[in-house]
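S.K.: Here's a structure for you.
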Amino acid sequence: MKIAVLSGKGGTGKTFVSVNLAASSKKSIYVDCDVEEPNGHLFFKPNNIQTKNVSVCIPSVDSAICNGCRNCVDFCKFNALAYILNKVIVFEEVCHSCGGCILFCPTKALSEKEKIIGKIEKGISDNVSVYTGILNTGEATGVPIIKSLLEDTKNSNELTIIDCPPGSACIVMESIKDADFCVLVAEPTIFGVHNLSMVYELVNLFKKPYGVILNKCLDVPNPAEEFCIKNDIKILEKIPYDNDLGTLNSNALICARENSKYKDLFKTLLAKIIKEVPNETITDS
Ligand code: SF4
Ligand code: SF4
């Protein structure tokens, strides 16, 4: 069973929720797809780290057989190619590895070469297998790393918690596409409602079952809660704005492992989420 945790922006508590849900299961996999700024590993502090590089194919030009037709330059919608001083120049950082220019070259002057864009680290933290995707600085897209992360974990029968990148762009779509259930984490502010509405549209577009966790709740009217009620969205949990939580979180400690009140809260929450997953038979919590 795969549960994706997402939010319209960073800082809402998406990683906090993901880490604590994974820690609350008997055995689980935590996948950090926030490849531009992965930080779940700071909480889990995994051991026995294994690393593998992730690479993509980008074009390489053989100037000796290039006839200067510029077909490749015209084809590339990412402006990753230019024809300057009788030579095709490849701007590797903006190439999205679609391979189209290679197909369109009439003289076969273009071929593929491998380029490492990041890596995946896998380690163990007690009951949790921790997978972390890391995109190298300056690379165009983290999608290949997310694909590789999800491929590595797709055949497991264990509960898999996918910590998505913030926002609703293509890297988030890639992260949720095989999820059985989506958890949307929202803050109790007007900005929180705006960001919640973006991921709400996304999960509806993907026809995913979902529910909302309201984080940092105070005892005052909550615009995100009002949005959920208005749109008939299931609220899975309201997590309070709590000093103890803030202190544990700031010290990169996992609340579900350190604090009995939050251990119970996340165990109950995980069981509630599992019950929401359509046709789900796993009862691990
Ligand atoms: S592989 Fe695609 S993105 Fe990269 S240079 Fe060629 S056409 Fe452009
Ligand atoms: S399509 Fe091929 S032959 Fe034409 S400019 Fe590009 S590399 Fe050269």
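Note that my numbering has the sequence shown beginning at 2, numbered continuously upward. Yeah, the Cβ is synthetic: ideal placement off N, Cα and C, and Gly gets one too. Please read all numbers here as calculations on a predicted model, not as lab measurements.
In whole angstroms, give me the CA-to-CA distance for I234 and L197.
M.R.: Here residue 234 refers to the residue found at position 233 when the sequence shown is read from its first residue. Here residue 197 refers to the residue found at position 196 when the sequence shown is read from its first residue. I234 and L197: Cα-Cα distance of roughly 11 Å.
S.K.: Under the rule that 16 or more other beta-carbon atoms within 10 Å means buried, what is T282, buried or exposed?
M.R.: The residue you call residue 282 lines up with position 281 of the sequence shown. Below a pLDDT of 50, predicted positions are generally treated as unreliable, and T282, at 49, falls in that range; the measurement from the model is reported next regardless. Label assigned to T282: exposed.
S.K.: Please report how far the alpha carbon of E93 lies from the alpha carbon of E226, in whole angstroms.
M.R.: Looking up residue 93 in the sequence shown gives position 92. Looking up residue 226 in the sequence shown gives position 225. Going by the C-alpha atoms only, they are around 45 Å apart.
S.K.: As a quick exercise: from G11, I162 and L43, pick the residue whose alpha carbon is nearest that of F182.
M.R.: Position 181 of the sequence shown, counted from the first residue, corresponds to residue 182. Among G11, I162 and L43, the Cα nearest to that of F182 is on I162.
S.K.: Under the assumption that S19 contacts L160 (Cβ atoms under 8 Å), give the Cβ distance between them as a whole number of angstroms.
M.R.: Translated into the one-based positions of the sequence shown, residue 19 becomes position 18. Translated into the one-based positions of the sequence shown, residue 160 becomes position 159. About 12 Å; that fails the 8 Å criterion.
S.K.: Express the C-alpha separation of C70 and G11 in angstroms, rounding to a whole number.
M.R.: One-based indexing of the sequence shown puts residue 11 at position 10. One-based indexing of the sequence shown puts residue 70 at position 69. C-alpha separation (whole angstroms): 45 Å.
S.K.: Looking only at its chain, what residues have a beta carbon closer than 8 Å to the beta carbon of I274, apart from the 5 residues adjacent to it on each side?
M.R.: Looking up residue 274 in the sequence shown gives position 273. Excluding positions up to five away in sequence, the list reads I4, L22, F182, V184, G212 and L237.
S.K.: By Cβ distance, which residues of its chain are closer than 7 Å to H97, with the 5 residues on each side in sequence left out?
M.R.: Sequence index remark: in the sequence shown, residue 97 carries index 96 (1-based). Only F79, A141 and T142 meet the Cβ criterion.
S.K.: Below 6 Å CB to CB, which residues in the same chain sit around A253 once its five sequence neighbours on both sides are set aside?
M.R.: Looking up residue 253 in the sequence shown gives position 252. L43 and F44, listed in sequence order.
S.K.: Kindly give me the distance between the Cβ atoms of S25 and F267, rounded to whole angstroms, as I take these residues to be in contact under 8 Å.
M.R.: Position 24 of the sequence shown holds residue 25. Position 266 of the sequence shown holds residue 267. The Cβ separation is near 4 Å, so the contact holds.
S.K.: Quick one: does the C-beta of S64 sit closer than 7 Å to a heavy atom of ligand 1?
M.R.: Indexing the sequence shown from 1 puts residue 64 at position 63. S64: no, Cβ never under 7 Å from ligand 1.
S.K.: Count the CB pairs spanning the segment 124-139 and the segment 33-52 that are closer than 8 Å, and state whether there are at least three.
M.R.: Segments in contact, yes.
S.K.: Residues in the same chain with beta-carbon distance under 8 Å from Y84, minus the five sequence neighbours each way, listed in chain order, please.
M.R.: In the sequence shown, residue 84 corresponds to position 83, counting from 1. Closer than 8 Å at Cβ, skipping near neighbours: G69, R71, V74 and I90.
S.K.: When you compare the CB positions of I147 and E175, do they come within less than 8 Å of one another, or not?
M.R.: Working through the sequence shown from its first residue, we reach residue 147 at position 146. Working through the sequence shown from its first residue, we reach residue 175 at position 174. Cβ distance < 8 Å, so I147 and E175 count as in contact.
S.K.: Rounding to the nearest angstrom, what Cα-Cα distance links T16 and P222 in this structure?
M.R.: Locating residue 16 in the sequence shown gives position 15, counting from the first residue. Locating residue 222 in the sequence shown gives position 221, counting from the first residue. Taking the straight line from one Cα to the other gives about 25 Å.
S.K.: Is C77 near ligand 2, in the sense that its beta carbon is under 7 Å from a heavy atom of that ligand?
M.R.: One-based indexing of the sequence shown puts residue 77 at position 76. For ligand 2, not one heavy atom lies less than 7 Å from the Cβ of C77.
S.K.: Enumerated in chain order, which unbroken segments of the alpha helix (DSSP H) with a length of 4 residues or greater are wholly contained in the segment 208-250?
M.R.: Entirely contained in the segment 208-250, the alpha helix (DSSP H) runs reaching 4 residues are, in chain order, 224-231.
S.K.: Can you look up G134 in the DSSP assignment and give me helix, strand or coil?
M.R.: Residue 134 sits at position 133 when you count from the first residue of the sequence shown. Here G134 sits in strand by DSSP.
S.K.: By Cβ distance below 7 Å, which residues in the same chain neighbour L301 in space, the five residues on each side in sequence not counted?
M.R.: Given a span of 2 to 286 for the chain in the structure shown, any question on residue 301 remains unanswerable.
S.K.: Expressed to the nearest angstrom, what Euclidean distance is found between the alpha-carbon atoms of E188 and G100?
M.R.: Here residue 188 is taken as the residue at index 187 of the sequence shown, counted from 1. Here residue 100 is taken as the residue at index 99 of the sequence shown, counted from 1. Approximately 41 Å between the Cα atoms of the pair.
S.K.: For ligand 1, any of its heavy atoms closer than 7 Å to the Cβ of C288?
M.R.: In this structure the chain extends from 2 to 286, so residue 288 is not present and cannot be described.
S.K.: Cβ of P241 within 8 Å of Cβ of C218?
M.R.: Residue numbering aside, residue 241 sits at position 240 when the sequence shown is read from its first letter. Residue numbering aside, residue 218 sits at position 217 when the sequence shown is read from its first letter. Closer than 8 Å, so yes.
S.K.: What's the call for T13, buried or exposed, on a 16-neighbour Cβ count within 10 Å?
M.R.: Position 12 of the sequence shown, counted from the start, is the residue given in the question as residue 13. Label assigned to T13: buried.
S.K.: Starting from T269, follow the alpha helix (DSSP H) in both directions and report where the run begins and ends.
M.R.: Locating residue 269 in the sequence shown gives position 268, where the first residue counts as 1. That run of the alpha helix (DSSP H) goes S261 to E277.
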